[in-house]
Amino acid sequence: MEDYTLVTIDLLKKPEWYSLKVNLAGKVSHTLLRFPRARHLDSRAVDTQIPAITLPPGDPVLRPKARILVVITDSKVVDAFRGFFFTGVPADDSLFANFVAFQALLPPTSGFAVGEWSIADVAVGPYLVRMLMLLEHEIGKYPVGEGRKVLETLRGPRFVRVMKYVEDVKAWPSFRATWDEAATLAMWKVNPAIQRT
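Residue numbers for the sequence shown follow the numbering used here, so the first one is 54 and each next one is one higher.
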């Protein structure tokens with residue numbers, strides 16, 4: 054494995070060296086691994102572009118389950134929270150119903166999306182961790198106080214399995230080694246797309 058230095062970059066205020074060393078146009082490069090352009094979480098891109106990584110489940114029955122979990126998360130959970138965080142759409146039962154759908158796909162008591170750590174967890178885990186962080190710190194266009202109310206519901210008995218899943222993701226060695234909550238929080242606090250007016 055090559056040596057590298059992990060650098061957190063605020064994409065709204067890229068350092069001067071970014072254009073010189075990473076991408077001359079100052080854009081976020083996705084072509085280094087030749088990933089297809091996509092709006093949605095796409096675990097298939099990593100599956101096919103980096104075959105040496107053993108993230109796809111080895112069991113052929115679990116592969117579609119991992120993809121379904123990613124699709125459900127993207128089309129339901131992430132979209133619902135996007136409305137809540139970016140436009141201030143009220144948190145209602147439909148928002149929590151999306152978490153119920155996500156939770157139903159997880160193994161009953163513990164473990165990752167398909168039991169073992171997989172591409173589904175790589176695609177889904179960071180979104181959930183970031184959502185909870187934003188709720189905890191009341192960051193978003195929703196009314197002040199709503200973030201903590203939503204977080205309280207998610208931490209309640211109805212979503213014990215979701216919260217256990219998030220804790221399992223946060224404890225995974227590669228996630229712990231790369232997640233910088235302070236830097237992520239600092240970037241989101243000043244992101245104009247999510248600021249209250």
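Idealized CB from N, CA, C, for every residue including glycine.
If only uninterrupted alpha helix (DSSP H) runs of at least 4 residues are considered, those enclosed by the region 126–163 are 132–135, 146–158. For T250 and S72, the gap between their C-alpha atoms comes out near 32 angstroms. With respect to the C-alpha of D132, the residue from K217, S147, R211 having the closest C-alpha is S147.
Contact check between the region 148–163 and the region 210–219: three or more CB pairs, one atom from each, fall below 8 angstroms, which counts as touching. With contact defined as three or more Cβ pairs closer than 8 angstroms, the region 120–128 and the region 163–177 are in contact. In the structure shown, G198 adopts coil according to DSSP, grouped into three states. 8 angstroms or more divides the Cβ of L108 from the Cβ of V167. Distance from the Cα of D233 is smallest, within the candidate group R183, P117, T126, for R183. The three-state secondary structure of V114, taken from DSSP, is coil. Residues of the same chain with a CB within less than 8 angstroms of the CB of L65, apart from the 5 flanking positions on each side, are M240, V243, N244, P245 in chain order.
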